[in-house]
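What follows is a short report on a single structure.
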Amino acid sequence: CNVHFAPMLPKMIAHLVQSFSKAPHCSFLYAGSICITEFGNVREYVPVLFDMIQNFSGIVFQNLQSIEQFTANPDMVEEYFYLVARFISYCPDPLLQSPMLASVLQCGVIGLRLEHREAHQGVLHCFEKVISAGDPTPDGWTPQLAEQRELVRQVISQPLVGKPIVEGILRSLTGELPAYAVDESHGSLTGVLWRLNALCPEQLHAWCGAVLPSLPAPIASAQEKAEFLRLISNSVTQDAFSDA
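For the sequence shown, my numbering gives the first residue as 48, with consecutive numbering after it.
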C-alpha cells in the first residue's frame, strides 16, 4: 500500500489541505492522521507531512481563537489534537524544533475550558504526548532522545505555555473547569501533571505554588494546599501522584 501510494503523497496532501481550507471539516484532519501513520516513519516523506500539519494548523488556529469557536467545532478540536499527537509519535523532530509547537499548546489551553468529553480528552492526550516526547526507552537514553527532551523542556518553560497548562488543569481538578478524564489512559488531567513532574519537577512545583493561592478557600484551605504541594513533590509512583 505504501509503495503504491507514496509517489502520490504530495498531491494527496495538497488536496487534503486545499479541501480543508475551503470546508474545514474534521474528516480531512483524520485523513491527514492516516497519512502520518502510513508514511511518518519514512524519512523522505517527513517534510511533506510537516508541511501538511503546518498548513492544517494555520487553518485550525483561524477557526479556534475563542472558547465559543471551540464549542462550535468540537470535532475539529478532537481530530486536530489527535493529529498533532500522532505526528509526535511518528516523526516528532520537525515539530519539536518549530515555534509552532508553542502555539499548538497555547491553543490547547483554551480547549481545557471546552465542555465536550472527546475533544477535551484529545487536548489532554496531545499534551501528554508532547510532554513525554524524548522519554527514555527501556534501553535507556540516546543522543536523539536527549535532544528531543531538551526541546520539549524549552517549549514548556515558556511563560505562556507551562504555567497556563498547569493552571487550567488545577482549575479543572477543583471543578471550576470541565473535568472528564481525571485519571484515565490516553489523556488525563493527572497524567499531564505526572509527565510535567517527570520533565521539570521544580517548575511544576513553582507553577502550582503560584496558582494555588488563587483558588477559593472553600475549595482548599492554606494547609490543604501546602499538603498537596508536599505530596506531589514526594510521590515516586504515578499511582501515588494521582491519589494526591
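Just so you know, even glycine gets a beta-carbon here, dropped at the ideal spot from N, CA and C.
The Cβ atoms of C82 and E126 lie no closer than 9 angstroms to each other. Here DSSP, grouped into helix, strand and coil, assigns T184 to strand. Taking the C-beta atoms as reference points, A149 is found no nearer than 9 angstroms to V95. Put simply, the backbone Cα of G181 is about 21 angstroms away from that of Q153. Counting only runs of 4+ residues, the alpha helix (DSSP H) found wholly inside the segment 61-106 occupies 73-86, in chain order. The alpha carbon of L246 has as its nearest neighbour, out of F134, E115, S204 and G105, the alpha carbon of S204.
Distance check between N244 and each of A291, P225 and K272 places A291 closest, using alpha-carbon atoms only.
T237 carries a helical assignment under DSSP once its states are collapsed to helix, strand and coil. Nearest to D98 by alpha-carbon distance, out of A132, F86 and I60, is I60. For E214, the enclosing alpha helix (DSSP H) covers residues G209 to L220.
Fewer than three Cβ pairs drawn from the segment 254-269 and the segment 190-201 lie within less than 8 angstroms of each other, which leaves the two stretches out of contact.
Within the model, the alpha-carbon separation for Y77 versus G238 is close to 24 angstroms. Secondary structure of C173 (DSSP, three-state): helix. Cα atoms of P248 and S179: separation of roughly 13 angstroms, rounded to the nearest angstrom.
Secondary structure at I266: coil, using DSSP grouped into helix, strand and coil.
DSSP places V258 in the helix class (H, G or I) of the three-state scheme. Cα atoms of P121 and V156: separation of roughly 14 angstroms, rounded to the nearest angstrom.
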